[in-house]
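In my numbering, the protein residues as written are 6 to 248. Heads up, the beta-carbon is just placed ideally off N, CA and C, and yes, glycines get one too.
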Amino acid sequence: MSQSYTPVLLLFDIDGTLILTGGKGRKAMVRAIEEEFHCSIESEFSDFAGSTDQQIIHTLLRKNQITTSPTPETLNRIIERYLFYLESYLSEEDSVEVLPGIKELLQATSNNSQFFIGLVTGNLEPGARIKLTPPNLNHYFPIGAFGSDSLNRDHLPPLARQRASEHYRTTFHPENIWIIGDTPKDIQCSKVNHFKSLAVATGGWSVRELSQYQPDLVFDNLKNTKRVLTAILEHNHQRTADN
């Protein structure tokens with residue numbers, strides 16, 4: 006592909022998009038809260054996919070009727086415990102599953118001068134880095150926006166764009182920025198910011214369910230690297246032609 010093409014920024018979600026951790030993140034979060042408040046909590050009543058880690062903490066505390074306004078000191082202790090247990094759980098062999106096609110897609114985009122890569126994830130940045138360490142994926146993502154930057158996922162894409170522009174010394178236009186994720190919240194945060202959305206049914210939602218939220222592209226999985234990248238470029242080209 007020609008280097009004269011418009012640069013394309015791909016911003017990936019982590020859980021359910023790049024990797025699966027078998028619920029170890031939830032397990033670590035629950036344990037951190039239970040140790041802080043010396044009680045057992047219920048965590049199965051909420052689907053946290055697409056939420057930021059800080060939102061998850063607040064939701065668990067509120068729905069378990071522990072507190073609606075934890076102090077910053079309490080939150081910091083919970084987060085420290087969470088990160089400790091997360092790293093411990095993910096140090097076990099085969100604790101992280103890389104989803105089909107992900108390594109090939111990341112390698113292909115890293116070797117293509119038109120594509121640039123980052124993260125948009127609800128994970129706290131230290132938690133994101135912990136999750137990406139076992140499969141050796143961190144080096145693909147020099148920048149990102151994280152749940153530690155804001156409680157609200159919708160605020161993260163512009164921050165990722167800014168950081169990508171500074172790091173890569175490249176201007177990225179909204180029509181060439183893609184949020185890649187497996188939940189309706191990934192689609193929503195792209196639309197709110199007038200970015201593009203690529204939904205992938207490797208998390209808890211099917212193609213049919215994701216399609217109801219009208220992403221720009223939707224795939225069963227990301228196994229076929231050429232098909233995925235071609236679809237992105239063709240969509241961008243079509244939009245340019247229409248304008």
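Alpha carbon to alpha carbon, what distance is there between residue j and residue i?
i, j, result
"T188", "F42", "31 Å"
"F151", "C44", "29 Å"
"D18", "G186", "5 Å"
"V13", "S170", "11 Å"
"F200", "L15", "10 Å"
"L66", "T57", "14 Å"
"A165", "K190", "16 Å"
"N128", "T138", "14 Å"
"L88", "T79", "14 Å"
"E130", "Y10", "31 Å"
"N226", "T207", "6 Å"
"D159", "R168", "16 Å"
"E49", "L124", "27 Å"
"V223", "I148", "24 Å"
"F53", "Q112", "29 Å"
"Q260", "V205", "Outside the modelled stretch of the chain, which goes from 6 to 248, sits residue 260, for which no answer is possible."
"L203", "T22", "11 Å"
"L156", "T126", "11 Å"
"I184", "G55", "12 Å"
"N248", "I122", "Low local confidence applies: a pLDDT of 49 at N248 is under 50, so the model's placement there is unreliable, with the coordinate-based value given in what follows. Cα to Cα, the separation comes out at about 26 Å."
"Y173", "I107", "22 Å"
"N181", "I71", "44 Å"
"K228", "S216", "19 Å"
"Y218", "D20", "19 Å"
Write down the C-beta distance between residue i and residue j rounded to the nearest angstrom, noting that I regard them as a contact closer than 8 Å.
i, j, result
"I24", "L110", "That belief does not hold up - the Cβ atoms of I24 and L110 are roughly 13 Å apart, past 8 Å."
"R134", "N143", "6 Å"
"I46", "E39", "6 Å"
"K136", "Y94", "In fact, because the Cβ distance is near 10 Å, the residues do not count as touching under 8 Å."
Let me know if residue i comes out buried or exposed under the rule of 16 or more other beta-carbons within 10 Å of its beta-carbon.
i, result
"V233", "buried"
"G132", "buried"
"K2", "Nothing can be reported for residue 2: it is not among the residues displayed for the chain, which extend from 6 to 248."
"M6", "With a pLDDT of 38 at M6, under the threshold of 50, the predicted position of this residue should be treated as unreliable, though the coordinate-derived value follows. Looking at its Cβ environment, which holds fewer than 16 other Cβ atoms inside 10 Å, M6 is exposed."
"G28", "exposed"
"D99", "exposed"
"F146", "buried"
"P75", "buried"
"N116", "exposed"
"G209", "exposed"
"D221", "buried"
"R213", "exposed"
"K231", "exposed"
"S195", "buried"
"P162", "buried"
"T114", "buried"
"T26", "buried"
Item to check | Cβ pair count under 8 Å reaching 3, the segment 89-105 against the segment 58-77 | outcome: no
Item to check | Contact the segment 225-240 vs the segment 80-88: 3+ CB pairs below 8 Å | outcome: no
Checklist entry - Where in the segment 195-235 do unbroken runs of the alpha helix (DSSP H), each at least 4 residues long, occur, reported from the N-terminal end onward? => result 212-216
Checklist entry - Residue ranges of each alpha helix (DSSP H) run of no fewer than 4 residues wholly in the segment 23-54, ordered along the chain? => result 29-42
Checklist entry - What are the uninterrupted segments assigned as beta strand (DSSP E) that are 3 or more residues long and contained completely in the segment 98-127, given in chain order? => result 120-125
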